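Heads up, the thing below is written out as structure tokens.
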Amino acid sequence: MLELLNISKSFGRKKAVNSLNLTINDTCLGLFGPNGAGKSTALRIISTLLRPDSGDILYKGSSIFKDTKEWKKHIGVLPEYPELFENITIYEHIDLVINFYNIPKIEKNRKIDEYLEYFQLEEFKNTLCNVCSQGMKKKLSIILAFIHDPEILILDEPFIGLDLNGIRSMKELLLRSRRKGKTVIITSHILDLVEKILDSVAVIDDGKLVDLKDIDTVLSQCESLEKYYFDRINIPQAGMMIE
Amino acid sequence: MNNKIGLLVEYQKISFGRYLKKNKLAGFERYLFPWSFFVIIVRIIVNTLFIAGKRETTYFFAFNTVNFAYLLLFWTILPVFLTIGSFREIHLNKIRLQLLPLKKMDRFIFEYILLFLHPFFYLLLVVNLIIFFPISMNIKAFVDFLNLVLFLLVMISYAIFLLNVLVKRYHDTQYRNIFSDIIKLLPFVLVVLNYHFRIVDNRPVLVLFNLNFNIDWVIDSDCFFGTINSMAAGIPSIAHSLLLIMSGSILLIVSYYAYSINERRPGRKKNVIRLQPLSKLFSFLKEDQLYLEYKIINYRNYLFFVTVLSVIVSFFLYLQKAVPIVYIMVCSFFTILVNKYPFNSITGISSVKRYFLLPLSYRTMILKKNILFLIWITFTIMPIIFSCLLQKYYTETFIISINLIVSCLLFCVAGNIISIYLPSGKNENNVALIIASIIVVGPLLMYYKLFAESFIAYSVVMICIVFISIIIYSKNLRDIGLYIEKEAERILYEQNQ
Chain A
1204 MLELLNISKS FGRKKAVNSL NLTINDTCLG LFGPNGAGKS TALRIISTLL RPDSGDILYK
1264 GSSIFKDTKE WKKHIGVLPE YPELFENITI YEHIDLVINF YNIPKIEKNR KIDEYLEYFQ
1324 LEEFKNTLCN VCSQGMKKKL SIILAFIHDP EILILDEPFI GLDLNGIRSM KELLLRSRRK
1384 GKTVIITSHI LDLVEKILDS VAVIDDGKLV DLKDIDTVLS QCESLEKYYF DRINIPQAGM
1444 MIE
Chain B
63 MNNKIGLLVE YQKISFGRYL KKNKLAGFER YLFPWSFFVI IVRIIVNTLF IAGKRETTYF
123 FAFNTVNFAY LLLFWTILPV FLTIGSFREI HLNKIRLQLL PLKKMDRFIF EYILLFLHPF
183 FYLLLVVNLI IFFPISMNIK AFVDFLNLVL FLLVMISYAI FLLNVLVKRY HDTQYRNIFS
243 DIIKLLPFVL VVLNYHFRIV DNRPVLVLFN LNFNIDWVID SDCFFGTINS MAAGIPSIAH
303 SLLLIMSGSI LLIVSYYAYS INERRPGRKK NVIRLQPLSK LFSFLKEDQL YLEYKIINYR
363 NYLFFVTVLS VIVSFFLYLQ KAVPIVYIMV CSFFTILVNK YPFNSITGIS SVKRYFLLPL
423 SYRTMILKKN ILFLIWITFT IMPIIFSCLL QKYYTETFII SINLIVSCLL FCVAGNIISI
483 YLPSGKNENN VALIIASIIV VGPLLMYYKL FAESFIAYSV VMICIVFISI IIYSKNLRDI
543 GLYIEKEAER ILYEQNQ
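Quick mapping for you: the protein sequence lines, in order, are chains A and B.
Residues in the first sequence are numbered from 1204 upward in steps of one, following our numbering.
Residues in the second sequence are numbered from 63 upward in steps of one, following our numbering.
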């Protein structure tokens, strides 16, 4: 169980996250909100890339900031941008990252091959990252988040930059993680795509939690996730602005 | 070093090997840049201290100690840090590194191990060691030769750098940053270069790196001021004219490119240098000051404008056989103008905590700006002092007042540098001020003692230093610092979008 307790984070005068309280219990949680709402900041805090100004995050009862090294063993993070090393090949990237987790050698090789095949990157495995396409970089970044089979997945815009095949693979991967009972936190603006994956939905606006519901309740109350979202966020839809 | 760091280092070796293979001489000049600047600074500082030291032998030992500390700092520690700053950005992805289950200390060790991967590091280390320890070895000629080699390497690195920038690799952000720094530094680098061409029997003699640490630690001050004396005596020198024309031309070309490159459209993948009509040169005059600070395009136009003026005026003065002090003052004045913006961006981050939240590259940049500012002071104000000393224009009051300004600025920079490395707390700026005073005022105490004959004058100077420093320092934090803070906020905000 992951508990966000009164998390606040400011950048200058801008409060990116404002007293955020959230409990995530082995579910697939979708974090939604307009641009600048504080979603990515919240994910960066959970990933310990940022320290909150106040508040704490508890995992199984203890603060994740006490031993960040240990915490990072439990999480798989897909950052908003791929964040890769320039002059290292796809295969070398995976090999480098997987070696940080205590996985037996045979298992390691099997996993690397399996993921490369799954995302159709086998023939590009010896390609340097600086010549990879955006889509390939995204796929590699996804593999790096999943390769060590983490208990918690933190995924910032996982579908952006993927081709249709990639989207399907990503969706399948998320459903598989859900079946395994992993905790998944996703931010996305493509609501249709994530609707069938999520267990619960949290809406953030202006750094504050606006609403938190399980997906069944959401869909029983509104006809779609999109409708639910726009009901919660106080902005006009694009179609309503231009007549 | 644990296995995981070893693994990272292995991969970085691979990565770096590939990078070097692709960009043959990459990194080479990055080592030499900081080195070259600091070598010049060391020379000036050492000379200053020795000139002062010669006047009163009581302080001789103290000066030697201070000299050694400065040498160690400027020859070894600062260049290494500066180099790492620009160097590691190419080969590391900080966020990816942070995502790996590594302890903070392990990450730190790894980042600094990178430095040792570059073969050129070892070359500089060896050269440095030889230059550092000639006292017992008594190999003056060899050291002279090494100094000359080092000087030539620096010059070659400038050439490589300019070629890289102008011909093929301008799109590299790293270079863009260094490029703008170099432009800012060029005026005073050239001023200093002038010092180091000594005219002996109408022949130019290069004495730039003639920094000989003999047993008695005496440096021939005539080497240092040779040019000024020659110029003051009105000796016509072809070498000097050539140097002036050459430096002027380089300045014009480089700043014109900077001016042109600016006009590239943002968002383009390939940055094509398009030379712009000179009519746009004065566009900066139409913008208001606040707007200028946030518009680098106009800033560079401004820079170009100032540089052109600087070159024309200095050359005109030279032709008029004006005394060198005028030339130096004009150069210094324009250097101040050119560096107006770096001055504004001296670290004024009021919260240390906020500083540490900035991306590493930005932190490095801020630190670099402070160091640049220090260099700027050394190269602009110090020459005036030296000139005054040599031209026998100086009076005690004048020297004290000039030194007062220098020390205040030094104090301010030191305070800033220290404040960003202090742990977060309410009184962090005051603590920084105290530490800065210990570091800066300590050596200055000895320095001023030599110039101020009476204890009262000396005390008054010191009190003034402290007060003015506090005023400048706090102003710097509150007002000038706003610029950086706003920039920092913007970057962080954009990063989190």
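Glycine included, every Cβ here is placed at the ideal spot set by N, Cα and C.
All figures in this text were calculated on a predicted structure; none of them were measured in a lab.
Judging by CA-CA distance, which residue of the options is the nearest neighbour of residue i?
i	options	result
residue 1355 of chain A	A/1363, A/1327 and A/1249	A/1249
residue 1374 of chain A	A/1385, A/1361 and A/1433	A/1361
residue 1410 of chain A	A/1205, A/1204, A/1206 and A/1224	A/1224
residue 1395 of chain A	A/1209, A/1432, A/1343 and A/1381	A/1432
residue 1209 of chain A	A/1256, A/1366, A/1339 and A/1415	A/1256
residue 1436 of chain A	A/1244, A/1213, A/1236 and A/1265	A/1236
residue 1357 of chain A	A/1217, A/1281, A/1213 and A/1238	A/1281
residue 1264 of chain A	A/1206, A/1292 and A/1352	A/1206
residue 1342 of chain A	A/1283, A/1212 and A/1269	A/1283
residue 1345 of chain A	A/1425, A/1322, A/1336 and A/1328	A/1322
residue 1474 of chain A	A/1308, A/1365, A/1419 and A/1261	With chain A covering 1204 to 1446 only, the question about residue 1474 of chain A has no answer from this structure.
residue 1251 of chain A	B/162, B/78 and B/73	B/162
residue 1292 of chain A	B/160, B/167, B/80 and B/159	B/80
residue 1213 of chain A	A/1245, A/1204 and A/1238	A/1245
residue 1381 of chain A	A/1397, A/1253 and A/1367	A/1397
residue 67 of chain B	A/1253, A/1302, A/1423 and A/1274	A/1302
residue 1363 of chain A	A/1349, A/1311 and A/1393	A/1393
residue 159 of chain B	A/1320, A/1310, A/1275 and A/1217	A/1275
residue 1389 of chain A	A/1243, A/1369 and A/1315	A/1243
residue 72 of chain B	A/1290, A/1370 and A/1371	A/1290
residue 1279 of chain A	A/1338, A/1326 and A/1359	A/1359
residue 1261 of chain A	A/1221, A/1204 and A/1310	A/1204
residue 1324 of chain A	A/1238, A/1309, A/1368 and A/1300	A/1368
residue 1320 of chain A	A/1425, A/1391, A/1372 and A/1222	A/1372
Below 8 angstroms on the Cβ atoms is my contact criterion, and I expect residue i with residue j to pass it. Report the Cβ-Cβ distance as a whole number of Å.
i	j	result
residue 1407 of chain A	residue 1219 of chain A	Going by Cβ atoms, the distance from residue 1407 of chain A to residue 1219 of chain A rounds to 10 angstroms, so no, they are not a contact pair.
residue 1401 of chain A	residue 1233 of chain A	4 angstroms
residue 1403 of chain A	residue 1414 of chain A	That pair is no contact at about 10 angstroms.
residue 1428 of chain A	residue 1421 of chain A	6 angstroms
residue 76 of chain B	residue 1286 of chain A	Between residue 1286 of chain A and residue 76 of chain B the Cβ distance is about 18 angstroms, and since that is not below 8 angstroms, they are no contact.
residue 1272 of chain A	residue 70 of chain B	Going by Cβ atoms, the distance from residue 1272 of chain A to residue 70 of chain B rounds to 14 angstroms, so no, they are not a contact pair.
residue 1306 of chain A	residue 1277 of chain A	Incorrect: roughly 14 angstroms between the Cβ atoms, too far for contact.
residue 1254 of chain A	residue 1268 of chain A	7 angstroms
residue 1349 of chain A	residue 1318 of chain A	7 angstroms
message = Quick check for students: name the residue ranges of the beta strand (DSSP E) that lie wholly in the stretch 1370-1445 of chain A, counting only runs of 3 or more.
response = Counting only runs of at least 3 residues, the stretch 1370-1445 of chain A fully encloses the following beta strand (DSSP E) elements, listed from N- to C-terminal order: 1386-1390, 1403-1408 and 1411-1417.
request  = Give the residues from the stretch 1334-1353 of chain A that approach chain B closer than 7 angstroms (Cβ to any Cβ), ordered along the chain.
outcome  = none
inquiry  = Is it the case that the stretch 1323-1340 of chain A contacts the stretch 1283-1298 of chain A, given that we only count it when at least three CB pairs across the two stretches are under 8 angstroms?
reply    = Three or more Cβ pairs closer than 8 angstroms define a contact, and the stretch 1283-1298 of chain A meets that threshold against the stretch 1323-1340 of chain A.
ask   = Relative to chain B, which residues along the stretch 1245-1265 of chain A have a C-beta separation below 9 angstroms, given in chain order?
value = 1247, 1250, 1251, 1252, 1253, 1254 and 1256
Members of the stretch 1288-1302 of chain A that neighbour chain B once the beta carbon cut-off is set at 8 angstroms = Answer set for the stretch 1288-1302 of chain A: 1288, 1289, 1290, 1291, 1295, 1299, 1300 and 1302.
key: Start-end ranges of the alpha helix (DSSP H) lying completely within the stretch 1307-1332 of chain A, minimum 4 residues   = Entirely contained in the stretch 1307-1332 of chain A, the alpha helix (DSSP H) runs reaching 4 residues are, in chain order, 1308-1321.
ask   = Within the chosen definition, does the stretch 1380-1400 of chain A reach the stretch 1228-1239 of chain A through at least 3 CB pairs nearer than 8 angstroms?
value = Counting C-beta pairs closer than 8 angstroms gives three or more between the stretch 1380-1400 of chain A and the stretch 1228-1239 of chain A, which meets the contact rule.
ask   = Hey, which unbroken runs of the alpha helix (DSSP H) at 4 residues or more fall wholly within the stretch 1238-1308 of chain A?
value = 1242-1249, 1271-1277 and 1293-1301
Chain B contacts made by the stretch 1301-1316 of chain A, where a contact means CB separation under 9 angstroms = 1302, 1303 and 1304
query = Using Cβ-Cβ distances below 7 angstroms, what residues of the stretch 1267-1279 of chain A are close to chain B?
reply = 1272, 1275 and 1276
message = Short of 9 angstroms Cβ to Cβ, which residues in the stretch 1360-1372 of chain A face chain B?
response = none
task = Scan the stretch 157-170 of chain B for residues whose Cβ lies nearer than 7 angstroms to a Cβ of chain A and list them as they occur along the chain.
result = 157, 158, 160, 161, 162, 163, 164 and 165
request  = Quick one: which residues of the stretch 1322-1333 of chain A get their C-beta closer than 8 angstroms to a C-beta of chain B? List them in chain order.
outcome  = 1331
inquiry  = Can you pull out the residues from the stretch 1375-1399 of chain A whose beta carbon lies closer than 8 angstroms to at least one beta carbon of chain B?
reply    = none
query = Just by C-beta distance, which residues in the stretch 1216-1242 of chain A are closer than 7 angstroms to chain B?
reply = 1217, 1219, 1238 and 1239
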